[in-house]
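Be aware that the sequence shown starts at 893, since it is given in the working numbering, and climbs by one per residue.
Glycine included, every Cβ here is placed at the ideal spot set by N, Cα and C.
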Amino acid sequence: MYCGVCHSLRDRYGQLSRFSLNFDMTFLALFLTALYEPQERTAFYRCPAHPVKKRSFLYNKYIDYAADMTVALAYFKCMDDWQDEKKHSRRFYAKLLEEKYAEVKSRYPKQCDTIARSLEALSEVEQNHPEEADLAVNLSGQMLSEVFVCQEDFWSGSLRKFGFALGRFIYLMDASMDYQKDMRKKNYNPLVYMEKKPEEMEEILATCIGPAADEFEKLPIVEDEHLIRNVLYGGVWQKYYAKFRGKETRHG
């Protein structure tokens, strides 16, 4: 699946777009594929990063959709990094993605408009109303809620709820993992205004991921069900547990 998204990025948007490949959007491809069970094919190719042995990759329309959302999110992330930290490399990469992003927006205007509005509002909160941490968390959820809706149908409501919960969780998990770096660089971090240390966030994070797990259990997912369950109940916690579990006891 990961190789499938990477291959789709190359075919649709060129080699440089592959630098934006990430596991979050690979999970989107996995989740939508498992729900909708589209026609797909498997092929093999030699990857420049792993040239010795041919790699297998999947192709279906939801993998292509995940590649589209990867480009959209990468474009806005680069612009955000440029505005916040004046990273010239990010501005350069955003410029390279600009035309590609326009293609994505022409296909999925609602998703792209939601991403743009959510990130604009999130930037406003972070810069001018940092004490409104709950609003920042919810804006992240709002952004991902629309990304999970590839098409309006019977499952759209459940997918929006799932994406909203997952988006909130990812925002707070990233804030927890980046806490020390953000303190060092004096970047915005919602945990400061929540008066929480990263090692104290486990219960709050659980309340964020819980609704996503609940929506998943309601969906008629059979294919790769075990893999998705493993991600939701275990994988998303792996780095957090390795870094923080037990610290609240030792320092409490």
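Q | Contact belief for VAL963 with LYS992 at Cβ below 8 Å, rounded distance in angstroms | A | 5 Å
(Q) If you measure between the beta carbons of SER998 and ALA959, is that distance less than 8 Å? (A) no
(Q) Just list the residues that DSSP pairs THR934 with in beta bridges. (A) LEU950
Q: May I ask which residues mark the beginning and end of the alpha helix (DSSP H) holding TYR1080?
A: Unbroken run through TYR1080: none, as it is neither H nor E.
Q) Is the region 1026-1040 touching the region 1058-1072, taking contact as three or more C-beta pairs under 8 Å? A) yes
(Q) For GLY1075 and PRO1082, what's the separation of their Cα atoms in angstroms? (A) Checking the sequence shown, residue 1075 turns out to be Met, not Gly. Each residue's Cα considered, the two are about 11 Å apart.
(Q) Tell me which residues share the same chain as PHE911 and place their Cβ nearer than 6 Å to its Cβ, disregarding the 5 neighbours each side in the sequence. (A) none
Q.
I'd like the list of long-range same chain contacts for LEU1027, defined as Cβ closer than 7 Å, with 5 residues on each side in sequence excluded.
A. VAL1017
Q: With distances taken Cα to Cα, identify the nearest neighbour of SER1010 among ASP972, GLU990, ALA994, LEU988.
A: ASP972
Q. Looking only at C-alpha atoms, which of PRO940, ALA926, GLU932 sits nearest to ARG902?
A. PRO940
Q.
On the DSSP bridge list, what partners appear for HIS942?
A. CYS939
Q: Tell me whether ARG1060 sits in a helix, a strand or coil according to DSSP, three-state version.
A: helix
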